[in-house]
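Trainee: Take a look at this one; I'll ask things after.
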Amino acid sequence: MLMIGKNSSQEISLYFHIPFCTRKCSYCHFYVLPDKENSKIELLTAFKQEWEQWLPFLQNKTISTVYFGGGTPFLFGPERIASVLEFIKKDVTFASNRTEITLEANPENITLPIMKEYRDAGINRVSIGIQTLDDNLLKILGRLHQAKTASDAVIQTAEAGISNISVDLMYDLPMQTIEHWDHTLKQVRELPITHLSLYNLTIEPHTVFFKKQEILKKQLPDEETSLAMYERAIELLEEQGLKQYEISAFAKTGFHSRHNVGYWTARPFLGFGPSAFSYWEGKRFRNIANLKKYCYDLNNGLSPIDFEEKLDPQAHLRELLVIELRLREGVNLEEFQIRHGTIDTQTLDLLKALKQQNYVNIDDFIVKLSKRGILFYDSVASELI
Numbered sequence: 099m100l101m102i103g104k105n106s107s108q109e110i111s112l113y114f115h116i117p118f119c120t121r122k123c124s125y126c127h128f129y130v131l132p133d134k135e136n137s138k139i140e141l142l143t144a145f146k147q148e149w150e151q152w153l154p155f156l157q158n159k160t161i162s163t164v165y166f167g168g169g170t171p172f173l174f175g176p177e178r179i180a181s182v183l184e185f186i187k188k189d190v191t192f193a194s195n196r197t198e199i200t201l202e203a204n205p206e207n208i209t210l211p212i213m214k215e216y217r218d219a220g221i222n223r224v225s226i227g228i229q230t231l232d233d234n235l236l237k238i239l240g241r242l243h244q245a246k247t248a249s250d251a252v253i254q255t256a257e258a259g260i261s262n263i264s265v266d267l268m269y270d271l272p273m274q275t276i277e278h279w280d281h282t283l284k285q286v287r288e289l290p291i292t293h294l295s296l297y298n299l300t301i302e303p304h305t306v307f308f309k310k311q312e313i314l315k316k317q318l319p320d321e322e323t324s325l326a327m328y329e330r331a332i333e334l335l336e337e338q339g340l341k342q343y344e345i346s347a348f349a350k351t352g353f354h355s356r357h358n359v360g361y362w363t364a365r366p367f368l369g370f371g372p373s374a375f376s377y378w379e380g381k382r383f384r385n386i387a388n389l390k391k392y393c394y395d396l397n398n399g400l401s402p403i404d405f406e407e408k409l410d411p412q413a414h415l416r417e418l419l420v421i422e423l424r425l426r427e428g429v430n431l432e433e434f435q436i437r438h439g440t441i442d443t444q445t446l447d448l449l450k451a452l453k454q455q456n457y458v459n460i461d462d463f464i465v466k467l468s469k470r471g472i473l474f475y476d477s478v479a480s481e482l483i
């Protein structure tokens, strides 16, 4: 039984974790499983059961965004995605403006006919994991697609009538040069995309790359090259109208990720599926990262939550401040305190110190990362948390 309160915020976001993959990428640390039909049938049933557990807490709520992530949620199939959206719409109201419904997809799975099916199922935004348009680097990453496949996938998605298309790119890759990076950026920005997310490679435990890290460290770009790649991305993408609105996110006007902005501004969200996180009433929850146990618990009327954290008010407030600072528009401290509570003197002193170090600018209660703060965001975060 869920022992939580009713959240006062009216708009919420939903995340569905669909862990199935054809093959796990060399850098991936997420909870993923082989693609099996029986497992997908069981997961759909479990989604409905978990939804029923949360339903009593969703009175008078509206759904702002729905995000299907993974794994490779594309493998779940249009009919099952439509089924999930159907049971949500049956019980709660979607936002009056068009609710953003995102599906993550890999290039090798995308065809024009199936994208039309996903469009008809209710998907209006697709996030495609391109990562790079260099075939050699794709092999190193353990990806199954080639550069041409990735470009074709974006074009076919647009031809299917889905106009909101995001792509993921990675930098700081083994053997990657500025020339490789320029090539990818210049090609990607010519595709019919409206949004781009940028990630630098981090080598996480329990990955193929982690086992090879001693070799890989010698092949990774140095810090100077990494910063040059990041700055080059900002330059080339903004030339094409993809404006940076967050440290790792670029969008054309009106196409920022509403789901991610909700996360950065502490909108409540519920996560469904094994290993999914939720944030509700100042608490953070995580479901068990085991599909069999997740389904078993729900079949027996139990909660699949295996971790709950009640956040210390001031520590939580600083965490929220750090996350919201990722947005280029900055944080209005007056509005922030109305939403989240009074910022203590210690935190204000830390912000002043960061200003003196040229990490942030403060003007009329608006705190923004400086160019230096953007480049060295991790330093800012470590000072505040």
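Numbering-wise, this note's numbering puts 204 at position 106 of the sequence shown, and it's gapless, one number per residue.
For glycine and all other residues, C-beta sits at the position ideal for the given N, C-alpha and C.
Just so you know, these numbers come straight off a predicted model, no measurement behind them.
1) Along the chain, where does the beta strand (DSSP E) that runs through D266 open and close?
2) K284 to F166, Cα distance in whole Å?
3) Closer than 7 Å by C-beta to E406: which residues in its own chain qualify, once you throw out the five before and the five after it? Chain order, please.
4) What is the rounded straight-line gap between the Cα of S111 and the Cα of T292?
5) Assuming contact is defined by CB atoms lying nearer than 9 Å, are N398 and Y392 in contact in what I supplied?
6) Mind checking E198: buried by the 16 CB within 10 Å criterion, or exposed?
7) In angstroms, rounded to a whole number, what distance separates the CA positions of Q317 and Q274?
8) Using a threshold of 9 Å, state whether the C-beta atoms of S264 and T200 are closer than that.
9) Tell me where the beta strand (DSSP E) around G465 begins and ends.
10) On the criterion of 16 or more Cβ atoms from any shown chain inside 10 Å, does I179 qualify as buried, or is it exposed?
11) Is it right to say K159 is buried, meaning 16 or more other beta carbons lie within 10 angstroms of its own, or is it exposed?
12) Using the three-state DSSP reduction, which class does V478 fall into: helix, strand or coil?
13) Looking at C-alpha atoms only, which residue of L419, I441, R437 is the closest neighbour of L467?
14) Please identify the residue among L314, L389, T363 whose C-alpha is closest to the C-alpha of E302.
15) Determine the direct distance from the alpha carbon of T300 to that of E148, and round the result to whole angstroms.
16) Considering only the alpha carbon of each residue, which of E422, G220, E321, W378 lies closest to L409?
17) Would Y269 pass as a contact of L239 if the rule is Cβ separation under 9 Å?
18) Can you have a look at E322 and say buried or exposed, based on whether 16 or more other CB atoms are within 10 angstroms of its CB?
19) Can you give me the C-alpha to C-alpha distance between T120 and V306, rounded to a whole angstrom?
20) Distance check for A349 and N456, CA to CA, integer angstroms please.
21) Do H357 and T163 have their C-beta atoms closer together than 9 Å?
22) When we look at the beta-carbon of Q229 and count the other beta-carbons within 10 Å, is it buried (16 or more) or exposed?
23) Could you have a look at V458 and say whether DSSP puts it in helix, strand or coil?
24) Do you know how far the Cα of Q151 is from the Cα of I221?
25) Among F463, V458, F353, which has the Cα closest to the Cα of E481?
26) Report back the beta-carbon spacing between P205 and T247 to the nearest angstrom; my notes put them in contact at under 8 Å.
27) Just mark L396 as buried or exposed, buried being the case when its beta carbon has 16 or more other beta carbons within 10 Å.
28) What first and last residue would you give for the beta strand (DSSP E) that runs through E198?
29) Tell me the rounded alpha-carbon separation between N46 and K453.
30) Taking the alpha-carbon positions, what's the E288 to I464 distance?
31) To which residues of the same chain is H304 closer than 8 Å at the C-beta, ignoring the five residues directly before and after it?
32) Taking L340 as part of the alpha helix (DSSP H), name the residues at either end of that continuous run.
33) So, for L142: in the same chain, excluding its five sequence neighbours on each side, which residues have a beta-carbon less than 6 Å away from its beta-carbon?
Mentor: Once the coordinates are examined:
1) For this step, residue 266 is matched to residue 168 along the sequence shown. Unbroken beta strand (DSSP E) run through D266: 262-269.
2) Walking along the sequence shown from the start, residue 284 turns up at place 186. Walking along the sequence shown from the start, residue 166 turns up at place 68. One C-alpha to the other measures close to 29 Å.
3) Numbered from 1 along the sequence shown, position 308 holds the residue referred to as residue 406. Excluding positions up to five away in sequence, the list reads K381, F383.
4) Your numbering for residue 111 matches position 13 in the sequence shown. Your numbering for residue 292 matches position 194 in the sequence shown. Rounded to the nearest angstrom, the two C-alpha atoms are 21 Å apart.
5) For the purposes of this step, residue 398 is taken as the residue at position 300 of the sequence shown. For the purposes of this step, residue 392 is taken as the residue at position 294 of the sequence shown. No. Outside cutoff.
6) Here residue 198 is taken as the residue at index 100 of the sequence shown, counted from 1. Buried: at least 16 other Cβ atoms inside 10 Å.
7) On the sequence shown, residue 317 is found 219 positions in, with the first residue counted as 1. On the sequence shown, residue 274 is found 176 positions in, with the first residue counted as 1. Going by the C-alpha atoms only, they are around 8 Å apart.
8) Against the sequence shown, residue 264 aligns to sequence position 166. Against the sequence shown, residue 200 aligns to sequence position 102. Yes. Within cutoff.
9) Locating residue 465 in the sequence shown gives position 367, where the first residue counts as 1. It is worth fixing the name first, because residue 465 is Val in this sequence and not Gly. From DSSP, the beta strand (DSSP E) with V465 extends over 464-467.
10) For the purposes of this step, residue 179 is taken as the residue at position 81 of the sequence shown. It is buried - the Cβ of I179 has at least 16 other Cβ atoms within 10 Å.
11) The residue labelled residue 159 in the question sits at position 61 within the sequence shown. Buried.
12) As a first step, residue 478 must be located in the sequence shown, where it is residue number 380. In this structure, V478 counts as helix in the three-state DSSP scheme.
13) Translated into positions along the sequence shown, residue 467 becomes position 369. Answer by Cα proximity: L419.
14) Locating residue 302 in the sequence shown gives position 204, where the first residue counts as 1. Nearest of L314, L389, T363 to E302, Cα basis: L314.
15) The residue given as residue 148 occupies position 50 in the sequence shown. The residue given as residue 300 occupies position 202 in the sequence shown. If you take the alpha carbons of E148 and T300, they lie about 32 Å apart.
16) Along the sequence shown, read from residue 1 onward, the residue named residue 409 stands at position 311. The shortest Cα separation from L409 among E422, G220, E321, W378 belongs to W378.
17) Translated into the one-based positions of the sequence shown, residue 269 becomes position 171. Translated into the one-based positions of the sequence shown, residue 239 becomes position 141. Not a contact, by the Cβ cut-off of 9 Å.
18) Working through the sequence shown from its first residue, we reach residue 322 at position 224. Exposed, by the Cβ-count rule.
19) What you label residue 120 is simply residue 22 of the sequence shown in a count that begins at 1. What you label residue 306 is simply residue 208 of the sequence shown in a count that begins at 1. The alpha-carbon atoms of T120 and V306 are separated by roughly 16 Å.
20) Mapped onto the sequence shown, residue 456 falls at position 358. Mapped onto the sequence shown, residue 349 falls at position 251. Taking the straight line joining both Cα atoms gives about 27 Å.
21) Here the question's residue 357 lines up with position 259 in the sequence shown. Here the question's residue 163 lines up with position 65 in the sequence shown. Their beta carbons are under 9 Å apart, which means H357 touches T163 by this criterion.
22) As a first step, residue 229 is located in the sequence shown; it is residue number 131 there, counting from the start. With 16 or more other Cβ atoms within 10 Å, it is buried.
23) The residue labelled residue 458 in the question sits at position 360 within the sequence shown. In this structure, V458 counts as strand in the three-state DSSP scheme.
24) If you number the sequence shown from 1, residue 221 lands on position 123. If you number the sequence shown from 1, residue 151 lands on position 53. Roughly 25 Å separates the two Cα atoms.
25) Walking along the sequence shown from the start, residue 481 turns up at place 383. E481 has its Cα closest to that of V458, out of F463, V458, F353.
26) Start at 1 with the first residue of the sequence shown, and residue 205 comes out as number 107. Start at 1 with the first residue of the sequence shown, and residue 247 comes out as number 149. The Cβ separation is near 5 Å, so the contact holds.
27) For the purposes of this step, residue 396 is taken as residue 298 along the sequence shown, with counting starting at 1. Buried, by the Cβ-count rule.
28) By 1-based counting over the sequence shown, the position of residue 198 is 100. Note, E198: beta strand (DSSP E), 198-203.
29) Beyond the ends of the chain as shown, which are 99 and 483, falls residue 46; an answer cannot be given.
30) Taking the sequence shown and counting its residues from 1, the one referred to as residue 288 is at position 190. Taking the sequence shown and counting its residues from 1, the one referred to as residue 464 is at position 366. The straight-line gap from Cα to Cα measures roughly 35 Å.
31) Within the sequence shown, the letter at position 206 stands for residue 304. These residues qualify, in order along the chain: H127.
32) Taking the first residue of the sequence shown as 1, we reach residue 340 at position 242. Counting along the chain, L340 falls outside any alpha helix (DSSP H), and DSSP gives it neither H nor E.
33) Counting from 1 along the sequence shown, the entry for residue 142 is found at position 44. Cβ neighbours of L142 beyond the five flanking positions: R178.
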